[in-house]
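Structure first, then comments.
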Amino acid sequence: MTPHYPLFINGEFVETQNKQDIINPSNGGIIAKVSIAQTEEIEHAIKSARDSFDNGPWKSLPFSERKKYILKISAGILEKAQELAELESLNSGKPIKESTFMDIPSAASSFDYFANNFEEFLKEETIKIESQIANAEAKLLREPWGVSVLIVPWNYPLLIASWKMAQALAAGNIVILKPSSLTPLSVLELSKIIKNAGLPKGVVNIINGSGDIVGESLCSDRRVDMISFTGSNAVGKKILEYTSKNVKKVTMELGGKSAAIVLDDADLELAVNGLLCAIFLNQGQMCTAMSRIFVHEKIYDNFVNDFTKKAKRVKIGDPLNFETQIGPLISEGQRKKVMEYIKQGKKEGAELLCGGNIPEHEELKKGFFFEPAVFSRVSSDMKIYKEEIFGPVACVVKFSSIE
Ligand code: NAD
Numbered sequence: 213m214t215p216h217y218p219l220f221i222n223g224e225f226v227e228t229q230n231k232q233d234i235i236n237p238s239n240g241g242i243i244a245k246v247s248i249a250q251t252e253e254i255e256h257a258i259k260s261a262r263d264s265f266d267n268g269p270w271k272s273l274p275f276s277e278r279k280k281y282i283l284k285i286s287a288g289i290l291e292k293a294q295e296l297a298e299l300e301s302l303n304s305g306k307p308i309k310e311s312t313f314m315d316i317p318s319a320a321s322s323f324d325y326f327a328n329n330f331e332e333f334l335k336e337e338t339i340k341i342e343s344q345i346a347n348a349e350a351k352l353l354r355e356p357w358g359v360s361v362l363i364v365p366w367n368y369p370l371l372i373a374s375w376k377m378a379q380a381l382a383a384g385n386i387v388i389l390k391p392s393s394l395t396p397l398s399v400l401e402l403s404k405i406i407k408n409a410g411l412p413k414g415v416v417n418i419i420n421g422s423g424d425i426v427g428e429s430l431c432s433d434r435r436v437d438m439i440s441f442t443g444s445n446a447v448g449k450k451i452l453e454y455t456s457k458n459v460k461k462v463t464m465e466l467g468g469k470s471a472a473i474v475l476d477d478a479d480l481e482l483a484v485n486g487l488l489c490a491i492f493l494n495q496g497q498m499c500t501a502m503s504r505i506f507v508h509e510k511i512y513d514n515f516v517n518d519f520t521k522k523a524k525r526v527k528i529g530d531p532l533n534f535e536t537q538i539g540p541l542i543s544e545g546q547r548k549k550v551m552e553y554i555k556q557g558k559k560e561g562a563e564l565l566c567g568g569n570i571p572e573h574e575e576l577k578k579g580f581f582f583e584p585a586v587f588s589r590v591s592s593d594m595k596i597y598k599e600e601i602f603g604p605v606a607c608v609v610k611f612s613s614i615e
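FYI, the numbering used here numbers position 139 of the sequence shown as 351, with every residue one higher than the one before it.
Set out below in structure tokens:
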């Protein structure tokens, strides 16, 4: 039977009439149905969070008490590590090796880290100041900010949620978390761990739903004190518009176009292997993906040759198989977007050395798989050089001097 996931509001699991199908990117099948928050549930979550901050115990607990709850969350994640890793790979398509050794342990250690290292940071400080007034001094107090809305993308669903949540909770804030509607499953599993950890009611609320509806309602509401957003530049701009109405505190981690520079005295093998990983990890769907690789002209041909040879050998397949190095992209829409960049790169004169196609193996046909691509002869006026592709596409650029 298809699993159902409710929302998590005020310490309770909340079922809604409206459900959304969650798709397995490896084969397009439905893997779960999740409740969708609409006006009523959004209001419920904001009210619970507000009440929990204004009248609940969380912000006034001694740090040593908050720490115990946060460590229970970390332990809860580790207890279910294998199950969570499988779920993350099933829902997001990332190879199981990555979710097993990176995403899930790092999510647990985020809670661990803030539980064990934050107390010192929260301590009151007295600062001596030069003043005409005798005995004047300044005090630095660090207080919880209030109701924090955390909005996360689909590329590291549990990990980014954990980074944000662990520090918000350690500082005494209240959380409303909105996962990406493509990948809510691991975060909804986290709600069970939080329930078991026994946090006071309303301290963590998790609501799933469309970015435009749930996101806008949360970001525009006066009762929300802060937004922490990770996602695209386009949505970041919208959030700035919503929050400008009541001047909220906002933090943003947006898109990227990272670069690596390979100098002429580099260890070629090390550079090739490191950069294969830096661009093809998580199918290149990373804001830190090294999508621009600058290589010195003296070693350019050798680099391109070795890099392409190895890129052709990267194993594409079922993300639940430990041998797999590249799983499917997150959705058909994402694959179309990446393929558009391939077309554009060729049109603008870059040379496609390998990949850039939908693989032909029968068992991959139903999923959103895509062969990792390597472009050479890329120049700085090309779209593939300038824009975030968010897929497994490496652009190798020749340079003659570091200046
Ligand atoms: P996205 O911006 O489409 O969505 C991110 C989140 O915002 C999702 O939860 C989505 O539901 C929500 N959202 C969508 N519309 C909204 C709206 N109108 N109001 C409020 N929330 C809304 O991004 P994505 O496609 O999930 O992720 C890919 C992008 O995220 C890439 O651009 C990538 O670079 C960026 N990213 C950045 C970092 C970083 O650390 N800088 C990390 C991961 C991803």
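Where a beta carbon is used, it is the ideal one built from N, C-alpha and C, also for glycine.
Item: Flag this pair as yes or no: are the beta carbons of residue 416 and residue 441 separated by less than 8 Å?; Value: no
Item: Grab me the residues of residue 519's own chain with a C-beta within less than 6 Å of its C-beta, minus the 5 sequence neighbours each way, in chain order.; Value: 484
Item: Can you check DSSP and say which residues form a bridge with residue 217?; Value: 246
Item: Suppose only complete runs of 4+ residues qualify. What are the alpha helix (DSSP H) ranges in the segment 519 to 562, listed by chain order?; Value: 544 to 559
Item: Compare the C-alpha of residue 367 against each of 498, 574, 299 and 534 and name the closest.; Value: 498
Item: Below 8 Å, how does it come out for the segment 451 to 470 and the segment 378 to 387: are there three or more Cβ pairs, yes or no?; Value: no
Item: Given the structure, does residue 311 come close to the ligand SAH, in the sense that its CB is under 7 Å from one of the ligand's heavy atoms?; Value: Ligands displayed in this structure: the ligand NAD; the ligand SAH is not among them.
Item: If distances are taken between C-alpha atoms only, which option among 541, 606 and 363 comes closest to residue 515?; Value: 606
Item: In the structure shown, what three-state DSSP assignment does residue 417 receive?; Value: strand
Item: Let me check one thing: in DSSP terms, what residues is residue 504 bridge-paired to?; Value: 471 and 607
Item: Could you spell out where the alpha helix (DSSP H) holding residue 461 opens and where it closes?; Value: Element bounds for residue 461: not the alpha helix (DSSP H) but the beta strand (DSSP E), 461 to 465.
Item: Between residue 600 and residue 468, how many whole angstroms is the CB-CB distance? I'm expecting something under 8 Å.; Value: 6 Å
Item: How many whole angstroms separate the CB atoms of residue 443 and residue 554, which I take to be in contact at a CB cut-off of 8 Å?; Value: Incorrect: roughly 24 Å between the Cβ atoms, too far for contact.
Item: I'd like to confirm something about residue 591: is its beta-carbon nearer than 7 Å to some heavy atom of the ligand NAD, or not?; Value: no
Item: Going along the chain, which residues of its own chain have a beta-carbon closer than 7 Å to the beta-carbon of residue 457, five neighbours each way excluded?; Value: 432
Item: Give the C-beta separation of residue 505 and residue 604 to the nearest angstrom, bearing in mind that I take them to be a contact with Cβ-Cβ under 8 Å.; Value: Going by Cβ atoms, the distance from residue 505 to residue 604 rounds to 13 Å, so no, they are not a contact pair.
Item: When we look at the beta-carbon of residue 313 and count the other beta-carbons within 10 Å, is it buried (16 or more) or exposed?; Value: exposed
Item: Helix, strand or coil, according to DSSP, for residue 234 in the structure here?; Value: strand
Item: Starting from residue 440, trace the beta strand (DSSP E) both ways and give me its first and last residue.; Value: 438 to 442
Item: From residue 405 to residue 391, what distance separates their C-alpha atoms?; Value: 16 Å
Item: Judging by CA-CA distance, which residue of 479, 372, 418 and 247 is the nearest neighbour of residue 321?; Value: 372
Item: Considering only DSSP beta bridges, list what residue 252 is partnered with.; Value: Residue 252 pairs with nothing; no bridge assigned.
Item: On the three-state DSSP scale, how would you describe residue 431?; Value: helix
Item: Spell out the partners DSSP gives residue 338 in its beta bridges.; Value: 351
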